[in-house]
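Asks:
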Ligand code: PYC
């Protein structure tokens, strides 16, 4: 509504903030654009093509920062789903986000919309299920995941030739094991430089996911510091932010690679530590004909259904204000943004 004296309009967006093992999620509960009816995939397409300024307003500076993942909560198409969700970040929509799903679960509890049990959530790449565990964690049965290719060679500009696996875990990942890699908060600049170099090299040499989509997440694994963990990772997200959590879709991709290599059996537990020392616990079952398996994703490993367990905490209840007189009301287009002029 316009201020009668100044004529300025203040738009309001109501958000609930949480973090999952350190990685922030900002759930939009009011003030989102109308995306019409349809599946999460249909609505995500409309959201991505027409509402980039809205995404920036919610997750980037001056109200957020590059690592914030936004989540739009929408009416589901199916009566037995608790909600439909579209995840987005500083450069566009994500296909799926597991830390975000855990944040959404905690947010739905905070809103009093659920109080336990197992719930179905519609996402642009298929339905996922989550369960509130008695120890406060949330278990997410992610979309089916698989290794597409192993030991793919990539020649980078600044870091020589490297080999890694390509895997789908709800997003596309390039995964590199380097037991000598030092992973921790002091190494962020060097790890960002390495993984961004890899990402650019994959793009230049035309290495994509098996469905032709860009590999927009790069994951490096080193030795864990945490006693119970088997590995520690650094994950570079599409807009050059690094994941503070162990990245749930990345841990799903890793689990698929371990399954393909015969290094992890169904039901066995795998603990992935993040750059900041937080952990996700993963396990998997083999996929069956009853699972939604996208034909466009092929691979040299079996389809698995990963379960990722982690914890989220609420951090804020906020009304974002967008002042019509503010030249940066919708943030600004960064050098990583595909919309960059
Ligand atoms: O947890 O899946 C995840 C995720 C993807 C990007 C950031 N976090």
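Numbering (the numbering used here), first residue to last: 62 to 402.
Every residue gets a Cβ at the ideal spot worked out from N, C-alpha and C, and that includes glycine.
Please give the ranges of any beta strand (DSSP E) in the region 106–172, keeping only runs that are unbroken, at least 3 residues long and fully inside the region.
Replies: Listed in chain order, they are 130–135 and 142–150.
Asks: Using a Cβ-Cβ cut-off of 6 angstroms (strictly less than) and excluding sequence neighbours within five positions of residue 357, which residues of its own chain qualify?
Replies: Counted from its first residue, the chain shown places residue 357 at position 296. Taken in chain order, the residues that qualify are 272.
Asks: Tell me whether residue 126 counts as near the ligand PYC, meaning its Cβ is closer than 7 angstroms to at least one heavy atom of that ligand.
Replies: Position 65 of the chain shown, counting from 1, holds the residue named residue 126. Result no, Cβ not under 7 angstroms from the ligand PYC.
Asks: Which residues in the same chain as residue 107 place their Cβ atom closer than 6 angstroms to its Cβ, once the five residues preceding and following it in sequence are excluded?
Replies: As a position in the chain shown, residue 107 is number 46, starting the count at 1. Here the set comprises 96.
Asks: In the DSSP assignment, the alpha helix (DSSP H) including residue 259 goes from what residue to what residue?
Replies: Looking up residue 259 in the chain shown gives position 198. Residues 249–265.
Asks: If you draw a straight line from the alpha carbon of residue 185 to that of residue 204, how long is it in whole angstroms?
Replies: Counted from its first residue, the chain shown places residue 185 at position 124. Counted from its first residue, the chain shown places residue 204 at position 143. Cα-Cα distance, rounded: 10 angstroms.
Asks: Using the C-alpha atoms, what's the distance from residue 157 back to residue 148?
Replies: Numbered from its first residue, the chain shown carries residue 148 at position 87. Numbered from its first residue, the chain shown carries residue 157 at position 96. Rounded to whole angstroms, residue 148 to residue 157 spans 7 angstroms at the Cα level.
Asks: Spatial neighbours of residue 347 within its chain, please: CB distance less than 7 angstroms, with the 5 preceding and 5 following residues excluded, ordered by chain position.
Replies: The residue you call residue 347 lines up with position 286 of the chain shown. If we look at residue 347 and ignore the five residues flanking it on each side, its Cβ neighbours are 327, 363 and 365.
Asks: Indicate, with yes or no, if the ligand PYC has a heavy atom lying under 7 angstroms from the CB of residue 216.
Replies: Here residue 216 refers to the residue found at position 155 of the chain shown. No, Cβ of residue 216 sits at least 7 angstroms from all heavy atoms of the ligand PYC.
Asks: Report, in whole angstroms, the separation of the C-beta atoms of residue 160 and residue 377, which I expect to be a contact under 8 angstroms.
Replies: By one-based count along the chain shown, residue 160 stands at place 99. By one-based count along the chain shown, residue 377 stands at place 316. With a Cβ gap of about 16 angstroms, residue 160 and residue 377 do not count as contacting.
Asks: Taking contact to mean at least 3 C-beta pairs separated by less than 8 angstroms, is the region 65–81 in contact with the region 383–390?
Replies: The region 65–81 vs the region 383–390: in contact.
Asks: Thinking C-beta only, is residue 375 closer than 8 angstroms to residue 155?
Replies: Here residue 155 corresponds to residue number 94 of the chain shown, with the count starting at 1. Here residue 375 corresponds to residue number 314 of the chain shown, with the count starting at 1. It is not a contact, given that the beta carbons lie outside the stated cut-off.
Asks: Touch check for the region 270–286 and the region 230–249: three-plus C-beta pairs under 8 angstroms?
Replies: These segments touch.
Asks: Among 126, 141 and 115, which one has its Cα closest to the Cα of residue 403?
Replies: There is no way to answer for residue 403, as the model of the chain reaches only from 62 to 402.
Asks: Give the range of the beta strand (DSSP E) segment to which residue 348 is assigned.
Replies: Counting from 1 along the chain shown, the entry for residue 348 is found at position 287. Segment: none, residue 348 is in no beta strand (DSSP E) and carries neither H nor E.
Asks: Between the Cα of residue 245 and the Cα atoms of 265, 306 and 166, which residue gives the shortest distance?
Replies: If you number the chain shown from 1, residue 245 lands on position 184. Nearest of 265, 306 and 166 to residue 245, Cα basis: 306.
Asks: Just to check my reading of the structure: residue 101 and residue 183 have Cβ atoms closer than 8 angstroms, yes? What is that Cβ distance to the nearest angstrom?
Replies: Stepping through the chain shown from its first residue, residue 101 is reached at position 40. Stepping through the chain shown from its first residue, residue 183 is reached at position 122. Going by Cβ atoms, the distance from residue 101 to residue 183 rounds to 5 angstroms, so yes, they are a contact pair.
Asks: Three Cβ pairs or more, each shorter than 8 angstroms: is that satisfied between the region 213–221 and the region 192–204?
Replies: With a cut-off of 8 angstroms, the region 192–204 and the region 213–221 do not count as touching, because too few Cβ pairs lie within range.
Asks: Just to check, is the beta-carbon of residue 154 closer than 7 angstroms to a non-hydrogen atom of the ligand PYC?
Replies: The residue you call residue 154 lines up with position 93 of the chain shown. Outside the cutoff, so no.
Asks: Using 8 angstroms as the threshold, is the C-beta distance between residue 84 and residue 128 below it?
Replies: As a working mapping, residue 84 is identified with position 23 in the chain shown. As a working mapping, residue 128 is identified with position 67 in the chain shown. In contact: residue 84 and residue 128 (Cβ atoms closer than 8 angstroms).
Asks: I need the boundaries of the beta strand (DSSP E) containing residue 86, first residue and last residue.
Replies: Here the question's residue 86 lines up with position 25 in the chain shown. Where residue 86 is concerned, the enclosing beta strand (DSSP E) stretches over 84–91.
Asks: Can you give, in chain order, each stretch of the beta strand (DSSP E) that sits fully within the region 206–243 and has at least 3 residues?
Replies: Listed in chain order, they are 207–216, 222–229 and 233–238.
Asks: Quick one: is the Cβ of residue 232 within less than 7 angstroms of any heavy atom of the ligand PYC?
Replies: Mapped onto the chain shown, residue 232 falls at position 171. For the ligand PYC, at least one heavy atom lies less than 7 angstroms from the Cβ of residue 232.
Asks: Quick check: what's the CA-CA separation for residue 250 versus residue 397?
Replies: By one-based count along the chain shown, residue 250 stands at place 189. By one-based count along the chain shown, residue 397 stands at place 336. Their Cα atoms are separated by approximately 16 angstroms.
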